[in-house]
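What follows is a single structure, written as structure tokens, with notes after it.
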Amino acid sequence: MKKISLKSEDFIEICNGVDYLDQVKELIIEYTKRLGRDLSFQNIDEELGNPAKKYTAPEGEILVAVEDEKGDRNGCLSSPFKESL
Numbered sequence: 001m002k003k004i005s006l007k008s009e010d011f012i013e014i015c016n017g018v019d020y021l022d023q024v025k026e027l028i029i030e031y032t033k034r035l036g037r038d039l040s041f042q043n044i045d046e047e048l049g050n051p052a053k054k055y056t057a058p059e060g061e062i063l064v065a066v067e068d069e070k071g072d073r074n075g076c077l078s079s080p081f082k083e084s085l
């Protein structure tokens, strides 16, 4: 667990997103709505149906930025792992 200080009373915690999959799903939905584009070519419905399948071990990793003790999330970063050639 890594904390990045902003002010003496504030911090952003970067943590494993497994515990925040529902919130991650909400962030992805919000992001895709803001884009205003059809992302069906990226199988977005499948990804939203089960984000853990693509973005948790052993297939990938997801990190979430949590702003405060209440658990307000600021954003997420996810990456599927690619097989070596």
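Under full-length UniProt numbering, the first residue of the sequence shown carries the number 1, and numbering increases by one thereafter. We put the CB at the ideal spot given by N, CA and C, even for glycine.
Could you tell me the distance, in whole angstroms, from the CA atom of LEU35 to the CA atom of LEU21? Along the sequence shown, one-based indexing puts residue 35 at 35. Along the sequence shown, one-based indexing puts residue 21 at 21. In this structure, the CA atom of LEU35 is about 21 Å from the CA atom of LEU21.
Rounded to the nearest angstrom, how far is the Cβ of ILE12 from that of LEU63, given a contact under 8 Å? Sequence index remark: in the sequence shown, residue 12 carries index 12 (1-based). Sequence index remark: in the sequence shown, residue 63 carries index 63 (1-based). The pair is not a contact, with the Cβ atoms about 11 Å apart (cut-off 8 Å).
Boundaries (first-last residue) of the alpha helix (DSSP H) holding LEU39: Translated into the one-based positions of the sequence shown, residue 39 becomes position 39. Neither: LEU39 is in no alpha helix (DSSP H) and is coded neither H nor E.
For GLU26, which of LYS54, ASN16 and GLU47 has the nearest alpha-carbon? The sequence position of residue 26 within the sequence shown is 26, counting from 1. Nearest option by C-alpha distance: GLU47.
Opposite ASN16 in the DSSP bridges: which residues? Translated into the one-based positions of the sequence shown, residue 16 becomes position 16. Beta-bridge pairing links ASN16 to LEU63.
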